[in-house]
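Comments concern the structure below.
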Amino acid sequence: MRIITTTCLKKCIPKTQYCRYNLLRRNFHSSPIKFINYDPYNTLGVDKSADPKQIKKAYYDLVKKFHPDVNKEKDAEKKFHKIQQSYEILKDKEKKAQFDQFGPNAFDENGNPNPYAGGSAGAGGAGNPFAGFSSGAGFGGAAGGNPFSGMGFDFEDLFKEAFTGGGRSKSQGRAHFVTEYVGDNVEVLKKIPFKDSIFGSKITINYKVVDSCVTCKGSGLKSGAKKQTCPTCHGSGQATHVMGGFHMSSTCPTCQGSGVTISKSDECNTCHGNGVQEIPKSTTVDIPPGISDGSRIRIPGAGDAPFVTKDEYNQLRNGDLIVRISVEKDPIFKRDKNDLVVTQDILMTTASLGGEIIVPTLDGQKIKLKIRPGVQNGRKLTIPEKGVPINRNLNNRGNLDVILNVKTLVAETPTQTALLEALADAFNDKNAKRNDSDWQLDVEDALKYDEMDEKDLHPSKLARIGKKLGKFFNLDNKKDEENK
Ligand SMILES: [Zn+2]
Ligand SMILES: [Zn+2]
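Quick note on this note's numbering: the sequence shown kicks off at 38 and runs consecutively.
Below you can see the structure in the form of structure tokens.
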């Protein structure tokens with residue numbers, strides 16, 4: 038659950054609990070104008086020549102070390118404040134120049150460059166959330182701008198809360214501001230068939246979320262029961278303590294900032310006063326065409342409800358459902374960016390002689406492809422517009438690449454072996470093994486012939502192939518039988 042009105046200094050992402058740093062609230066009280074009594078360079082431990090990056094780094098390191106919620110040393114709070122102000126001066130070009138020129142007297146103790154500007158900003162404006170909130174000088178529109186802007190958390194909200202928190206009296210009980218809470222995102226992994234990833238589809242997701250309790254409608258109460266003012270913080274939602282002249286507030290540990298508690302006897306029986314329960318849900322999700330493996334689809338508001346009870350002082354918003362898509366592998370097709378790739382086996386003889394093959398597409402068609410004679414292994418043939426839809430558009434698609442995988446002929450019978458040996462002879466393959474000694478190339482014999490036929494095949498070779506194959510297929514015997 039997140040509280041979205043403030044941002045945490047520590048950037049923690051709390052789960053079903055509050056981040057206590059998120060709720061760091063402070064009240065500033067007016068004080069006579071004093072000048073700063075320190076050197077911001079010394080405070081941050083940087084040189085006068087340090088660049089903005091070095092200054093920022095030094096600042097973050099120190100903030101982590103001296104944050105009053107982390108550092109329990111006696112004057113950590115004072116140091117923390119000093120660090121913040123030093124940074125405000127050094128990160129601002131103008132203020133930095135002013136300090137370089139005039140020294141500490143150029144700033145009041147709140148780090149404002151003009152000690153007489155502003156006064157108490159917004160004082161007297163009825164209904165103004167800052168009314169009565171008098172800081173040293175110059176918040177909001179006053180000269181110098183917001184001295185805390187860009188500090189990593191939203192000071193406007195902090196001040197709003199600081200004021201409203203400080204302004205409500207105990208007799209009033211609850212706070213006057215509404216806090217918005219956001220529940221956790223729920224992530225679900227969903228496997229989809231390869232084909233669905235290319236052409237898109239609708240899928241149903243069944244999952245469980247924390248959602249408003251059905252019995253009490255999220256209030257956490259038995260019907261007719263009421264929440265009690267928190268006995269620890271008396272409804273303020275904050276535990277206050279004074280440190281180094283500042284009123285420091287942190288979230289009340291009893292009510293976790295809500296200012297109210299539910300007594301045991303008033304708790305809803307279904308959710309035991311939590312206002313939420315685990316509920317199975319089902320939702321239909323559109324898978325866009327061309328979605329890639331690992332993509333996430335976000336369904337806003339379909340995630341967890343925040344872990345707080347509903348009342349008029351808060352606004353609750355569910356987190357999102359995030360569906361992470363895992364695309365199943367296909368036995369035939371692979372994806373390469375916007376192209377589909379299919380590997381097609383062809384026999385060595387097809388590769389040598391050329392021919393026609395039939396290739397399947399993912400669309401379910403069968404496409405005839407011509408193979409040119411002598412095509413080599415690994416050759417890519419491209420069928421346009423049968424690939425992956427580009428930008429979810431089914432009318433604009435990548436290619437289907439067909440990679441030819443030439444399969445070597447494997448002789449399984451003596452006939453096939455003999456034919457392959459004849460082939461080796463015909464193609465002058467001197468490396469291939471010959472099983473029959475008749476096939477041994479007789480150089481002496483070959484030299485007797487000096488004429489060659491037009492295909493460059495030595496007549497001796499043709500004669501030998503003919504003789505060998507004739508013998509093998511028993512052609513001579515057949516002739517003999519016919520003659521009988
Ligand atoms: Zn409390
Ligand atoms: Zn309930």
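Glycine is no exception: its CB is placed at the ideal position from the N, C-alpha and C atoms. Keep in mind it's a predicted model, so treat the numbers as computed, not measured.
State yes or no: is the C-beta of residue i within less than 8 angstroms of the C-beta of residue j?
i, j, result
"Val439", "Gln381", "yes"
"Asp248", "Ala95", "no"
"Gly327", "Arg429", "yes"
"Leu358", "Ile394", "no"
"Val246", "Val360", "no"
"Lys93", "Lys128", "yes"
"Ile120", "Leu99", "yes"
"Glu110", "Ile229", "no"
"Pro397", "Ile362", "no"
"Asp221", "Gly82", "no"
"Asn255", "Gly312", "The question names Asn, but residue 255 is Gly in the sequence shown. Yes, the Cβ-Cβ distance between Gly255 and Gly312 is below 8 angstroms."
"Ile324", "Ser238", "yes"
"Ala469", "Ile502", "no"
"Gln122", "Ile73", "yes"
"Lys232", "Leu399", "yes"
"Cys305", "Lys259", "yes"
Considering Cα atoms alone, identify which of the options is closest to residue i.
i, options, result
"Ser287", "Asp76, His104, Pro77", "His104"
"Ser234", "Pro426, Ile73, His278", "Pro426"
"Ile240", "Lys403, Thr320, Lys116", "Thr320"
"Leu384", "Phe370, Pro368, Pro397, Val412", "Val412"
"Asp37", "Ser363, Val215, Val378", "Residue 37 is absent from the structure shown; the chain starts at 38 and stops at 521."
"Pro141", "Tyr78, Lys102, His278", "Tyr78"
"Cys250", "Ser329, Gly310, Gly281, Gly237", "Gly310"
"Lys318", "Lys403, Thr386, Ile242, Met280", "Ile242"
"Asn414", "Asp400, Lys444, Gln122", "Lys444"
"Leu377", "Lys116, Asp88, Thr452, Phe236", "Phe236"
"Ala87", "Lys101, Asp112, Ala276, Lys130", "Lys130"
"Lys227", "Gly272, His271, Ser329, Thr277", "Ser329"
"Pro451", "Asp367, Lys508, Gln402", "Lys508"
Beta-carbon within less than 7 angstroms of residue i's beta-carbon, same chain only, minus the 5 sequence neighbours each way: which residues are those?
i, result
"Pro410", "Ser389, Leu390, Gly391"
"Asn375", "Gly424, Val425, Ile427, Gly435"
"Ala18", "The structure shown does not extend to residue 18, since the chain is modelled only from 38 through 521, so no value can be given for it."
"Pro421", "Asn436"
"Thr419", "Asn436, Asp438"
"Arg416", "Leu441"
"Leu506", "Ala455, Ala459"
"Lys407", "Glu393"
"Gly356", "Val219, Gly220, Asp221, Asn222, Val223, Gly340, Asp341"
"His278", "Met285"
"Thr80", "Lys119, Ile120, Ser123"
What does a CB cutoff of less than 6 angstroms around residue i pick up in its chain, not counting 5 residues either side in sequence?
i, result
"Tyr124", "Tyr96"
"Met280", "Glu114"
"Lys18", "Outside the shown range of the chain (38 to 521) lies residue 18, about which nothing can therefore be said."
"Pro290", "none"
"Ile433", "The amino acid at residue 433 is misidentified as Ile; the sequence shows Asn. If we look at Asn433 and ignore the five residues flanking it on each side, its Cβ neighbours are Ile427."
"Ala461", "Ala469"
"Gly210", "Confidence in Gly210 is poor, its pLDDT being 45 and thus under 50, which makes the residue's placement too unreliable to answer from."
"Met188", "Below a pLDDT of 50, predicted positions are generally treated as unreliable, and Met188, at 40, falls in that range; no measurement from the model is reported."
Going by beta carbon distance, what residues of the same chain come within less than 8 angstroms of residue i, once the five residues before and after it are set aside?
i, result
"Cys308", "Cys250, Thr252, Cys253, Gly257, Gln314"
"Val379", "Ile369, Phe370, Lys371, Val396, Pro397, Leu437, Asp438, Val439, Ile440"
"Ile316", "Lys245, Val246, Val247, Asp248, Val251"
Is there at least one non-hydrogen atom of ligand 3 closer than 7 angstroms to the beta-carbon of residue i?
i, result
"Thr269", "Ligand 3 is absent from the structure shown, which contains only ligand 1 and ligand 2."
Is the shortest distance between the beta-carbon of residue i and the beta-carbons of chain C less than 8 angstroms?
i, result
"Pro230", "Note that chain C does not occur in the displayed structure, where there is just one protein chain."
Give, in chain order, every unbroken run of the beta strand (DSSP E) that is at least 3 residues long and sits entirely within the segment 361-406.
Fully enclosed beta strand (DSSP E) runs of 3 or longer: 370-373, 376-384, 392-397.
Residue ranges of each beta strand (DSSP E) within the segment 273-316, 3 or longer
Counting only runs of 3 or more, we get 275-280, 283-288.
I'd like to know if the segment 290-299 and the segment 264-279 are in contact, where contact means that at least 3 CB-CB pairs between them fall below 8 angstroms.
Yes, they touch.
Those runs of the beta strand (DSSP E) which lie wholly inside the segment 399-479 and span at least 3 residues
The segment 399-479 contains these whole beta strand (DSSP E) runs: 403-408, 417-420, 430-434, 437-444.
So within the segment 226-250, which uninterrupted beta strand (DSSP E) runs reach at least 3 residues, ignoring any that extend past its ends?
If you keep only unbroken beta strand (DSSP E) runs of at least 3 residues inside the segment 226-250, you get 238-249.
Residue ranges of each beta strand (DSSP E) run of no fewer than 3 residues wholly in the segment 70-123, ordered along the chain?
For the segment 70-123, not one full-length beta strand (DSSP E) segment reaches 3 residues or more.
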